[in-house]
């Protein structure tokens, strides 16, 4: 097994009169266990030059990993304040990641289409994004040459 | 305006043969601008003692303000809202399921109601919160009727 630790800190000295200083740390475990997540897609970095809505993580048709644990990280690496990527899961819009924004979520691979993680850039002039899935298992498509 | 920073660190020495040491910081700005988000729900702590699915956080009029509700098609989703959610428990078997939809019997988690994933004890998430009119409520369903405490904090414009 592997040990992967995620730590999130939220800070602000001027959001409210009481300074915000929040920190959360957690080891990423397989569902219902203390066994660490031991598989990953790796950290993908890609340059998108169309506004097409694309799948970045897709459960394989007919296969289900429903109930397995996994964590997804997505970041918009653009430095243009107005540029965003729109994130959806299936037909449900999660929201926008503007320049330098990131998200970290659990992801349940319930079924194809229903659980696909989708990303749509706001501009076709080129945007860098990166994403990674740390998980306990996924099903790969069967090879086919035609 | 306020300056709110969020930093995520991911670290592992043995997930792959090359150590993972990722650090990403975002300053939470309003949509399309370099001005910081300046409204928040505050850090909310809620206790749950049933396995009923309920709304955890949604757009529209709340006691802390009026987070933007986006149009159904997302075209007018002109917001950079962010939400942080944590299961403060320590159980490795009890969890809360986070969903996106509406917390009604006709729209239970599964089916058309998005089952985003599970937060076991100590697990957390941070993500955008568009609050789409038709399905944008962030819902929660504990796996146990034993007391479960969840914290959340919404940053919005």
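Chains as they are written, first to last, in our numbering: chain P, 864 to 1009; chain A, 49 to 205. Quick reminder that beta carbons are idealized off the backbone N, C-alpha and C, glycines included.
In angstroms with no decimal places, state the Cα-to-Cα distance between residue 170 of chain A and residue 1009 of chain P. On the second chain, residue 170 of chain A is found 122 positions in, with the first residue counted as 1. On the first chain, residue 1009 of chain P is found 146 positions in, with the first residue counted as 1. So the alpha carbons of these two residues sit roughly 46 Å apart.
Around the Cβ of residue 185 of chain A, are there at least 16 other Cβ atoms within 10 angstroms (buried) or fewer (exposed)? For the purposes of this step, residue 185 of chain A is taken as the residue at position 137 of the second chain. It counts as buried.
Residue 149 of chain A, DSSP secondary structure in three states: As a position in the second chain, residue 149 of chain A is number 101, starting the count at 1. Correct three-state label for residue 149 of chain A: strand.
Count the CB pairs spanning the stretch 182-197 of chain A and the stretch 73-86 of chain A that are closer than 8 Å, and state whether there are at least three. no
Mind listing the chain P neighbours of residue 111 of chain A? Cutoff is C-beta to C-beta under 8 Å, in chain order. Here residue 111 of chain A refers to the residue found at position 63 of the second chain. Under the 8 Å cutoff, chain P gives no residues; its nearest Cβ is about 15 Å from residue 111 of chain A.
Output yes if chain A places a C-beta closer than 7 Å to the C-beta of residue 971 of chain P; else output no. Along the first chain, one-based indexing puts residue 971 of chain P at 108. With 7 Å as the cut-off, residue 971 of chain P counts as an interface residue toward chain A.
Hey, which unbroken runs of the beta strand (DSSP E) at 3 residues or more fall wholly within the stretch 58-122 of chain A? 68-75, 92-96, 102-105
Assuming residue 898 of chain P and residue 994 of chain P form a contact by the criterion Cβ under 8 Å, report the distance between their Cβ atoms to the nearest whole angstrom. Reading the first chain from its first residue, position 35 is the one you call residue 898 of chain P. Reading the first chain from its first residue, position 131 is the one you call residue 994 of chain P. At roughly 24 Å, the Cβ-Cβ gap does not stay under 8 Å, so residue 898 of chain P and residue 994 of chain P are not in contact.
Say whether chain A places a C-beta atom closer than 7 Å to the C-beta of residue 911 of chain P. Indexing the first chain from 1 puts residue 911 of chain P at position 48. Closer than 7 Å: no.
Looking at residue 1002 of chain P: is its Cβ nearer than 7 Å to the Cβ of residue 887 of chain P? Residue numbering aside, residue 1002 of chain P sits at position 139 when the first chain is read from its first letter. Residue numbering aside, residue 887 of chain P sits at position 24 when the first chain is read from its first letter. No; because the gap between Cβ atoms is not below 7 Å, this pair is not in contact.
Can you tell me where the beta strand (DSSP E) with residue 952 of chain P in it begins and where it stops? Mapped onto the first chain, residue 952 of chain P falls at position 89. From DSSP, the beta strand (DSSP E) with residue 952 of chain P extends over 947-952.
Same chain only: Cβ atoms within 7 Å of residue 908 of chain P, ignoring 5 sequence neighbours per side: In the first chain, counting from the first residue as 1, residue 908 of chain P sits at position 45. Taken in chain order, the residues that qualify are 991, 993.
Is it buried or exposed, residue 879 of chain P, if we count other Cβ atoms within 10 angstroms and call 16 or more buried? Here residue 879 of chain P refers to the residue found at position 16 when the first chain is read from its first residue. The residue is exposed, with fewer than 16 neighbouring Cβ atoms inside 10 Å.
Kindly indicate if chain P contains any beta-carbon less than 7 Å away from that of residue 181 of chain A. Counting from 1 along the second chain, the entry for residue 181 of chain A is found at position 133. It does not: the Cβ of residue 181 of chain A has no partner Cβ on chain P nearer than 7 Å.
Would you decide whether residue 144 of chain A is buried or exposed? Buried here means 16 or more other CB atoms lie within 10 Å of its CB. What you label residue 144 of chain A is simply residue 96 of the second chain in a count that begins at 1. Its Cβ being crowded by 16 or more others within 10 Å, residue 144 of chain A is buried.
Beta-carbon neighbours of residue 172 of chain A, restricted to chain P and to distances below 7 Å: Residue 172 of chain A sits at position 124 when you count from the first residue of the second chain. Here the neighbours are 871, 887, 889.
Cβ of residue 1049 of chain P less than 7 Å from any chain A Cβ? Residue numbering for chain P in the displayed model covers 864 to 1009; residue 1049 of chain P lies beyond these limits and cannot be assessed.
Name the chain P residues that come within less than 8 Å of residue 176 of chain A, Cβ to Cβ? Within the second chain, residue 176 of chain A is the residue found at index 128, counting from 1. Those within 8 Å of residue 176 of chain A in chain P are 950, 957, 958, 959, 960, 964, 966.
Determine whether the beta carbon atoms of residue 996 of chain P and residue 935 of chain P lie at a separation below 7 Å. As a first step, residue 996 of chain P must be located in the first chain, where it is residue number 133. As a first step, residue 935 of chain P must be located in the first chain, where it is residue number 72. Yes; because the gap between Cβ atoms is below 7 Å, this pair is in contact.
In terms of alpha-carbon separation, which member of A:84, A:194, A:177 lies closest to residue 200 of chain A? Within the second chain, residue 200 of chain A is the residue found at index 152, counting from 1. Closest by alpha carbon: A:177.
For residue 111 of chain A and residue 81 of chain A, what's the separation of their Cα atoms in angstroms? What you label residue 111 of chain A is simply residue 63 of the second chain in a count that begins at 1. What you label residue 81 of chain A is simply residue 33 of the second chain in a count that begins at 1. Approximately 26 Å between the Cα atoms of the pair.
What does DSSP give as the partner residue(s) for residue 967 of chain P in the beta ladder? Walking along the first chain from the start, residue 967 of chain P turns up at place 104. In DSSP, residue 967 of chain P forms a bridge with P:936, A:174.
Out of A:64, A:99, A:174, A:132, which has the shortest C-alpha to C-alpha gap to residue 92 of chain A? As a position in the second chain, residue 92 of chain A is number 44, starting the count at 1. Of the candidates A:64, A:99, A:174, A:132, the one whose C-alpha sits nearest the C-alpha of residue 92 of chain A is A:132.
Mind checking who residue 998 of chain P pairs with in its DSSP beta bridge? Position 135 of the first chain, counted from the first residue, corresponds to residue 998 of chain P. Answer is P:902, P:933.
Exposed or buried, what is residue 930 of chain P when buried is set at 16 or more other beta-carbons lying within 10 Å of its beta-carbon? To locate residue 930 of chain P, count along the first chain from 1; it is residue 67. Exposed.
Residue 913 of chain P beta carbon less than 7 Å from that of residue 942 of chain P: Within the first chain, the letter at position 79 stands for residue 942 of chain P. Within the first chain, the letter at position 50 stands for residue 913 of chain P. Contact: no.
In three-state terms, what does DSSP make of residue 168 of chain A? Within the second chain, residue 168 of chain A is the residue found at index 120, counting from 1. If DSSP states are grouped into helix, strand and coil, residue 168 of chain A belongs with the strands.
Quick check on the DSSP output: the beta strand (DSSP E) that includes residue 141 of chain A runs from which residue to which? For the purposes of this step, residue 141 of chain A is taken as the residue at position 93 of the second chain. Element bounds for residue 141 of chain A: n/a, residue is neither H nor E.
Taking C-beta to C-beta, are residue 128 of chain A and residue 181 of chain A nearer than 7 Å? Within the second chain, the letter at position 80 stands for residue 128 of chain A. Within the second chain, the letter at position 133 stands for residue 181 of chain A. No, the Cβ-Cβ distance between residue 128 of chain A and residue 181 of chain A is not below 7 Å.
Under the DSSP definition of a beta bridge, which residues are partnered with residue 52 of chain A? Numbered from its first residue, the second chain carries residue 52 of chain A at position 4. According to DSSP, residue 52 of chain A bridges with nothing at all.
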